[in-house]
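Listed in order, the protein sequences are those of chains U and Y.
Residues in the first sequence are numbered from 1 upward in steps of one, following our numbering.
Residues in the second sequence are numbered from 480 upward in steps of one, following our numbering.
A virtual CB, placed ideally from N, CA and C, is assigned to each residue, including glycine.
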Amino acid sequence: MFEYAAAAVDGALSAGATYADARVVVTRTESIDVLNQAVESVDHTESAGVGVRALIGSSWGFYATGEMTETAARDAGAMASAIAQASALVPGAPLELADVAISQTTWETPHVEDPFQVSLSEKVDLLIGVTTTMQGVPGIALARASLGFFDTSKWFVSSQGHRIHQHLVESGGGFDATAVGEFETQRRSYPQSFGQYETGGYEVIRRWDFPANAQRIAEEAAALLSAPEMEEGEKSLILEGSQMALQIHESVGHAIELDRILGWEAGLAGTSHLELEKLNTHRYGSEVMNITADATLPGSLGSFGFDDEGTPAQAVDIVRDGRWVGVLSGRDSAARAGVSPGGMVRGDGFNRLPMVRMTNVGLLPGDSSLDEIIAETGDGVYMATNRSWSIDDRRLNFQFGCEIGWEVKNGKLGRMVRNPTYTGITPQFWGGLDMLAGVDEMVYWGTPNCGKGQPIQIGHTGHPATPGRFANVRVGVRG
Amino acid sequence: MSAEQNVTEQVLELVGSDAQAEVTVNAGTSALTRFANSFIHQNVGEEGATVSLRLAVDGRVASGTTTNLDVDALDRFVADTIEAARVQPVDPDWPGLVAPTAIPDLEHFDPAAADASPELRAEQVKAFVDADPDLSAAGYFETVGMKVAFANSAGHRTAGRFSRAVLDGIQQTPTSSGSGHAAGVGPAAIDAATAGALAAQRARDGAGTFDTKPGEYEVVLAPECVATVAAFLSVYGFNAKAALEGQSFVRVGEAQFDSSITLVDDVIDQRALGIAFDSEGTPKQRLKLIDGGVTSSLAHDRRTARKAGTVSTGHATAGSDVWGPIAHTLFLEEGSDPVDEMIAGIERGIYVATFNYCRVLDPKSLVVTGLTRNGTFMIENGRITGAVSNLRFTQSFVAALGPGKVLGIGNDARFGDSEFGPGMAHVPSLRLGAWNFTGGADG
């Protein structure tokens, strides 16, 4: 496959590119969806092609073709250069690329059990069994379960001499139960909304033990319909780990993307409340807050060997003792901002231009535990599992809804409440972080559905997180 | 026979007589020129084809897609799909295949979109950017041209083409932004300079914002906001799967909306984008979803239609087995009210140019939270008196259009760029009696 990527790079250089790189990407996926013991969908996909980037002046030109021949790849390279050339009608300052080590190597996701070798029957039986258990709980109208698997091979070649082959394996899934009332619905999910995804093989699915959790999840969904609605107020907020992960993703992960900070994503995704000149001085949160972006964490969904510019995976400090110290970057954005390139550029398949993407952006653990956090809370609420998420284009003003909440009074978990929501402003909210559970409760949560870019790209990101507590949060917002 | 039709026949031949199968081939080109900080920074294009196959072996169903059209690859793809089906339980709701059916002879296709050059796209971007050289512009110009061929083993064959051109951009001052949008079947539908000027005007008018208190306000919503409302009604409400599952607000026959509201899904409308048949090969019906305020119908695919004891309305999409059928060629009936006159009738209210990051809190009540963006203006005593900071809202989209709540319908219908993308909803501005803003810039 390297020959197609090399032909594409040659085609781009011959047509005038000052730099070019190309990826041949072959992706296989399998997804299975079951609703109420019936298979809704068993779907498999295969995509294969070459995508080539050509840099001329201030613009990337990119072209992709599904035709896997050297001629088609060379033509695609020439087309990428022609597209970049046309950008000169609306020019900016020339783009430069930060220097990185030139690698010629291979890398593979550590995994035990190839998920594509596990029989479909076993997978379907697992999901039907889980939905059967959930449907056995009175009040459950909809019992869903799903699995998804990704197998991606990439061959990367650049005009600077990169030549890297990677094989990535990702696995995940989950289930949810929905109780339908006259005026609203209530849902509970496991392990989290949209399922839990990790890098690895079928061992990921076995480890999360769906059958052991189906009954509890369904009972909680049924109970929510008659639970009291959460009251509006300001109090301590304790977040369960997967909701903490989403909080990190939305109010930290996107805000620290250097392309957003530079204004390159202003049209759709937006910009950031962060200003580069305040790097190393801006207070992002309390001193309990320490965040890294680490693409080397085994098993986490945002892990890889090299990004799609050939930069090695690495760990970068983002927030240290509450102070903002790092960004997510690629070679062009790093050069523009004068920072080290972070190896955080990835594309969605062969036919999308690689762009800055979160790797594993997560909180370093604290020294407490969820039980201790609850025990030390006088008036609060504990919320678990995301149900809705919305944040503004600068990643500043957010409102999240969770599936379930429990009142916390005088150090004890109290009654269950439905429709729990909370809202806040990013730096004030993180400034209220005052307790974090320890490493024993750390989970590398995975987000398999992160949208960004035009045309839209779906990214896979990881978010190490533990439960934690925030002071003085506005909760119970409703329409 | 086109190359795409040849592939459908090739796949059906590989399937043979052991399965009921339907095959769709999408092939063509798409390109998008992206700009930020007033220059083109990302400029992309692609060509290729995708084969989608759904088949049933003795009522056991599986599906797949591939971009690999090599003979050997297609052979393996078909064999894998058949094998996946064989090990499934029987699907009691498998609706079978569409019999040979006449498809309306229409085509929303402009070769100028399919063949658009990067130079043409750059010229459009330049026109948008040059509308106000002192501001900072960002956005994209996209051109798409696709051919679609469908065939099934029941003997149904059809084919079509579609194209689109879309401009979506913002102009920014250091403290504010404004947006301009346009979409149509080809580049001729786009007036980039006008869109750029509107965006610039909104940005300049939006400079120097002040915070306003959250609460319930009368509003005028521009077409982008209304397109998002219409799209959410379609995806979460008029989706027959959601209704069958008890998760939709829809109660057919009831006056759930203001009597001034008529919402139609109609690919036959000459302004529409898309093709005349759905992913199951069913011709898309003209569907009145809301007729004078009365909820009138649901969008069906063959699976939901079978469950509901009716017929498909032609709204199957790839993935609708899981997500349900979606009406995505929406037309909200235009009114006669100029936007200025709607504003003139308001004593105290808010004008909103676009929504941002809307998410559903509960699908049944269709309570949605989101933010305003790219132009939020205070209306006092019948005129715009200043720009306000972006606001968060938490609002039932159904209740917002409820009986007595729609106080004006604009005469400015066009494709609005909704949360689900451009080209899905052709809508006017709306004046609504109440909109629940639940947070200001400071939370």
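Worksheet item: So, do the segment 335-352 of chain U and the segment 437-448 of chain U have three or more beta carbon pairs nearer to each other than 8 Å?
Response: no
Worksheet item: Taking all protein chains shown into account, do 16 or more other C-beta atoms lie within 10 angstroms of the C-beta of Arg862(Y), making it buried, or fewer, making it exposed?
Response: Reading the second sequence from its first residue, position 383 is the one you call residue 862(Y). It is exposed - the Cβ of Arg862(Y) has fewer than 16 other Cβ atoms within 10 Å.
Practice prompt. Confirm, please, whether the CB-CB distance from Gly241(U) to Ala471(U) is below 9 Å.
Written response: Counting from one through the first sequence, the residue named residue 471(U) turns up at place 471. Counting from one through the first sequence, the residue named residue 241(U) turns up at place 241. No, Cβ-Cβ distance for Ala471(U) and Gly241(U) is not below 9 Å.
Discussion item. So the candidates are Arg600(Y), Ser775(Y), His905(Y) and Phe876(Y); which of them puts its Cα closest to the Cα of Leu911(Y)?
Written reply: Working through the second sequence from its first residue, we reach residue 911(Y) at position 432. When only C-alpha atoms are compared, the closest one is Phe876(Y).
Worksheet entry | Cα-Cα separation, Trp389(U) to Val477(U) | For this step, residue 389(U) is matched to residue 389 along the first sequence. For this step, residue 477(U) is matched to residue 477 along the first sequence. A straight line joining the alpha-carbon of Trp389(U) with that of Val477(U) spans about 13 Å.
Discussion item. With a threshold of 9 Å between beta-carbons, can His162(U) be considered close to chain Y, or not?
Written reply: Locating residue 162(U) in the first sequence gives position 162, where the first residue counts as 1. Not one chain Y Cβ lies under 9 Å of His162(U).
Practice prompt. Please determine, among Gly326(U), Leu168(U) and Ile164(U), the residue with the shortest C-alpha to C-alpha distance to Ile318(U).
Written response: Looking up residue 318(U) in the first sequence gives position 318. Of the candidates Gly326(U), Leu168(U) and Ile164(U), the one whose C-alpha sits nearest the C-alpha of Ile318(U) is Gly326(U).
Worksheet item: Is Gln85(U) helix, strand or coil by DSSP?
Response: The sequence position of residue 85(U) within the first sequence is 85, counting from 1. DSSP places Gln85(U) in helix when its eight states are reduced to three.
Discussion item. Report the start-end ranges of each alpha helix (DSSP H) in the segment 814-847 of chain Y that is 4 residues or longer and not cut off at the edges.
Written reply: Within the segment 814-847 of chain Y, the complete alpha helix (DSSP H) runs of at least 4 residues are 818-823.
Practice prompt. Closer than 7 Å by beta-carbon distance: list the chain Y residues that pair up with Gly401(U), in chain order.
Written response: The residue labelled residue 401(U) in the question sits at position 401 within the first sequence. Within chain Y, the residues near Gly401(U) are Leu840.
Practice prompt. Kindly say whether Thr185(U), judged by its beta-carbon, lies nearer than 9 Å to any beta-carbon of chain Y.
Written response: Stepping through the first sequence from its first residue, residue 185(U) is reached at position 185. Interface residue, yes.
Worksheet item: Under the three-state reduction of DSSP, which class applies to Trp264(U): helix, strand or coil?
Response: For the purposes of this step, residue 264(U) is identified with residue 264 of the first sequence, where counting begins at 1. In the structure shown, Trp264(U) sits in coil (DSSP, three-state: anything other than H, G, I, E or B).
Item to complete: Specify, as a first and last residue, the run of the beta strand (DSSP E) that Leu237(U) falls within.
Response: Here residue 237(U) refers to the residue found at position 237 when the first sequence is read from its first residue. Leu237(U) -> beta strand (DSSP E) spans Gly233 to Leu239.
Worksheet item: Name the chain U residues whose beta carbon is nearer than 9 Å to that of Gly575(Y)?
Response: As a first step, residue 575(Y) must be located in the second sequence, where it is residue number 96. In chain order: nothing, as chain U lies at least about 17 Å away.
Worksheet item: With burial defined as no fewer than 16 other Cβ atoms inside 10 Å of the residue's Cβ, what is the status of Asn280(U): buried or exposed?
Response: One-based indexing of the first sequence puts residue 280(U) at position 280. By the 10 Å Cβ count, Asn280(U) comes out exposed.
Discussion item. So with CB distances below 8 Å, who are the chain U contacts of Val604(Y)?
Written reply: For this step, residue 604(Y) is matched to residue 125 along the second sequence. Within 8 Å of the CB of Val604(Y), the CB atoms of chain U belong to Leu89 and Val90, in sequence order along the chain.
Worksheet item: Which residues in the same chain as Trp155(U) place their Cβ atom closer than 6 Å to its Cβ, once the five residues preceding and following it in sequence are excluded?
Response: By 1-based counting over the first sequence, the position of residue 155(U) is 155. Taken in chain order, the residues that qualify are Met1, Phe2, Ala5, Val24 and His165.
Worksheet item: Identify the residues that DSSP records as bridge partners of Leu909(Y): which are they?
Response: In the second sequence, the residue the question calls residue 909(Y) occupies position 430. DSSP lists Leu700(Y) and Ile888(Y) as the beta-bridge partner residues of Leu909(Y).
Worksheet item: How is Gly253(U) classed by DSSP in three states: helix, strand or coil?
Response: For this step, residue 253(U) is matched to residue 253 along the first sequence. Helix at Gly253(U).
Worksheet item: Between Thr580(Y), Glu621(Y), Asp572(Y) and Val708(Y), which lies nearest to Ala595(Y) when the distance is taken from Cα to Cα?
Response: Within the second sequence, the letter at position 116 stands for residue 595(Y). Checked all of Thr580(Y), Glu621(Y), Asp572(Y) and Val708(Y); the closest Cα to Ala595(Y) is Glu621(Y).
Fill in: Contact list for Leu353(U) against chain Y, beta-carbon separation under 8 Å
Mapped onto the first sequence, residue 353(U) falls at position 353. Result: Gln521 and Val523.
Item to complete: With distances taken Cα to Cα, identify the nearest neighbour of Ala375(U) among Gly411(U), Asp348(U) and Pro312(U).
Response: Within the first sequence, the letter at position 375 stands for residue 375(U). Comparing Cα positions, the closest option is Gly411(U).
Worksheet item: Is the closest heavy atom of the ligand ZN to the C-beta of Asn36(U) under 8 Å?
Response: Ligands are entirely absent from the displayed structure, and the ligand ZN is therefore not among its contents.
Worksheet entry | Option in Ile561(Y), Leu548(Y), Asp551(Y) and Gly524(Y) with minimal Cα separation from Ser542(Y) | In the second sequence, the residue the question calls residue 542(Y) occupies position 63. If we check each option's Cα against that of Ser542(Y), Ile561(Y) comes out closest.
Worksheet item: Quick one: what does DSSP say Asp647(Y) is sitting in, helix, strand or coil?
Response: Within the second sequence, the letter at position 168 stands for residue 647(Y). Asp647(Y): strand per DSSP, three-state reduction.
Practice prompt. Mind listing the chain U neighbours of Ser908(Y)? Cutoff is C-beta to C-beta under 7 Å, in chain order.
Written response: Start at 1 with the first residue of the second sequence, and residue 908(Y) comes out as number 429. Correct list: empty, because the minimum Cβ distance to chain U is about 22 Å.
Discussion item. Pairs of beta-carbons, one from the segment 499-519 of chain Y and one from the segment 70-90 of chain U, closer than 8 Å: are there three or more?
Written reply: yes
Discussion item. With three or more beta-carbon pairs closer than 8 Å as the criterion, would you say the segment 390-401 of chain U touches the segment 259-277 of chain U?
Written reply: Of all C-beta pairs linking the segment 390-401 of chain U to the segment 259-277 of chain U, three or more are shorter than 8 Å, placing the two stretches in contact.
Fill in: Within-9 Å CB hit, Arg387(U) to chain Y
In the first sequence, counting from the first residue as 1, residue 387(U) sits at position 387. By this cut-off, Arg387(U) is an interface position.
Worksheet item: Among Thr185(U), Ser236(U) and Ser171(U), which has the Cα closest to the Cα of Ala141(U)?
Response: Locating residue 141(U) in the first sequence gives position 141, where the first residue counts as 1. For Ala141(U), the nearest C-alpha among the options comes from Thr185(U).
Worksheet entry | Inter-residue spacing [alpha-carbon to alpha-carbon] between Ala145(U) and Ala601(Y) | Within the first sequence, the letter at position 145 stands for residue 145(U). Within the second sequence, the letter at position 122 stands for residue 601(Y). Their Cα atoms are separated by approximately 46 Å.
Discussion item. Below 8 Å on the Cβ atoms is my contact criterion, and I expect Thr421(U) with Ser251(U) to pass it. Report the Cβ-Cβ distance as a whole number of Å.
Written reply: Within the first sequence, residue 421(U) is the residue found at index 421, counting from 1. Within the first sequence, residue 251(U) is the residue found at index 251, counting from 1. At roughly 15 Å, the Cβ-Cβ gap does not stay under 8 Å, so Thr421(U) and Ser251(U) are not in contact.
Worksheet item: Starting from Pro211(U) and walking both ways along the alpha helix (DSSP H), at which residues does that stretch end?
Response: For the purposes of this step, residue 211(U) is identified with residue 211 of the first sequence, where counting begins at 1. It spans Phe210 to Ser226 - the alpha helix (DSSP H) in which Pro211(U) sits, taken as one unbroken run.
Practice prompt. Give the range of the alpha helix (DSSP H) segment to which Arg336(U) is assigned.
Written response: For the purposes of this step, residue 336(U) is identified with residue 336 of the first sequence, where counting begins at 1. Arg331 to Ala337 is the span of the alpha helix (DSSP H), which, as asked, contains Arg336(U).
Discussion item. Quick check: the Cα distance between Arg750(Y) and Phe894(Y), rounded to an integer number of angstroms?
Written reply: As a working note, residue 750(Y) is residue 271 in the second sequence. As a working note, residue 894(Y) is residue 415 in the second sequence. Taking the straight line from one Cα to the other gives about 9 Å.
Worksheet item: By Cβ distance below 7 Å, which residues in the same chain neighbour Cys704(Y) in space, the five residues on each side in sequence not counted?
Response: As a working note, residue 704(Y) is residue 225 in the second sequence. The residues are Val831, Thr833 and Phe834.
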